[in-house]
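Working notes for the structure below.
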């Protein structure tokens, strides 16, 4: 098409009638518009509500299918090893999806920070991210939006949900026992009160939403500032774990438990797992 338009007019149109010339012109305009169309890469996920643990796809390959599970069944009837395997297979895809989504937003933030000026919509977008991830200025967002190895997320999810046995996980997709302080958001009551106050836990649409909220909590909360500083320097699991002592009232006993779970279940092997590239598709913007 480029050669067609670059040639002198008399050569391009020589021997063509008016109708034929108009057809060529229309074709050229169509090709030009198609060539200029912008595309965006989209992750295509699949939502599954399993009736039994058998319907959870086992994660056996480093290229993972992006499945979002909702209303997971109980694993209590399964042997311990199989129960853990099903838990990991249900949670790991959600971890990878949440990490991808945050990484995509982080890339957009880096692009905006490289610009001299922001549009009103860009400023609003950055303000919304600051509400989610914290920080006094948008320049703090890239570090706060970093994520950490999947093995750490899996270990914490296993501890906080009892390897998927907790009611909050099965009924509300709440992996980490995150509390709710907003009566207007989806939530469910805990069975026990604390200091004579009713306790509520958040309910999530799917497991990935729970993990997204977990990452945002880790980004905002002051007790995790040392963890964030360490995470900005390294992705080495054993160097990061000690900085999670403030995640639990048990302090270093909690860190020791995470280390044991990661070691005994060889969770670090999942740190190299990624979403299968075939589920990333290009669509018109």
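Numbering (the working numbering), first residue to last: 10 to 294.
Yeah, the Cβ is synthetic: ideal placement off N, Cα and C, and Gly gets one too.
Keep in mind the model is a prediction, meaning the values are calculated, not measured.
Exercise. Exposed or buried, what is residue 206 when buried is set at 16 or more other beta-carbons lying within 10 Å of its beta-carbon?
Worked result: exposed
For this session: Count the other C-beta atoms from every protein chain shown that fall within 10 angstroms of the C-beta of residue 227, then say buried if there are 16 or more, exposed otherwise.
Result: buried
For this session: Measure the Cβ-Cβ separation of residue 270 and residue 167 and say whether it is below 8 Å.
Result: yes
For this session: Output the distance between the C-alpha atoms of residue 60 and residue 280, rounded to the nearest integer angstrom.
Result: 29 Å
For this session: Mark residue 292 as exposed unless 16 or more other C-beta atoms lie within 10 angstroms of its C-beta, in which case mark it buried.
Result: exposed
Exercise. With which residues is residue 267 paired in a DSSP beta bridge?
Worked result: Partner residues in a beta bridge of residue 267, as assigned by DSSP, do not exist.
Exercise. Whose CA, out of 126, 112, 163, lies closest to the CA of residue 96?
Worked result: 163
For this session: Would you identify the three-state DSSP class for residue 21, choosing helix, strand or coil?
Result: Interpretation of residue 21 is limited by its pLDDT of 49, a score under 50 that renders its predicted location unreliable; the figure taken from the coordinates is listed afterwards. Reduced to three states, the DSSP call for residue 21 is helix.
Exercise. Quick one, which of 273, 187, 213, 154 has its alpha-carbon nearest residue 169's?
Worked result: 187
Problem set entry | Residue span of the beta strand (DSSP E) that contains residue 197, given as start and end | 196-198
Problem set entry | Cα-Cα separation between residue 56 and residue 276, rounded to whole angstroms | 25 Å
Exercise. Which partner residues does residue 284 have in the DSSP bridge list?
Worked result: 73
Exercise. Can you tell which of 182, 284, 196, 145 has its C-alpha closest to the C-alpha of residue 80?
Worked result: 182
For this session: For residue 117, write down the residues that DSSP places opposite it in a beta bridge.
Result: Under DSSP, no beta-bridge partner is assigned to residue 117.
Exercise. Can at least three beta-carbon pairs, one atom from the stretch 124-143 and one from the stretch 258-273, be found at a separation below 8 Å?
Worked result: no
For this session: May I have the straight-line CA-CA distance separating residue 215 from residue 77, to the nearest angstrom?
Result: Rounded to the nearest whole angstrom, the C-alpha separation of residue 215 and residue 77 is 6 Å.
Exercise. Bridge partners of residue 56, per DSSP?
Worked result: 77
Problem set entry | Classification of residue 128 by the beta-carbon crowding that lies within 10 angstroms, buried from 16 upward | Per the 10 Å Cβ criterion, exposed.
Exercise. Can you find at least 3 beta carbon pairs, one from the stretch 217-227 and one from the stretch 106-123, that sit closer than 8 Å?
Worked result: yes
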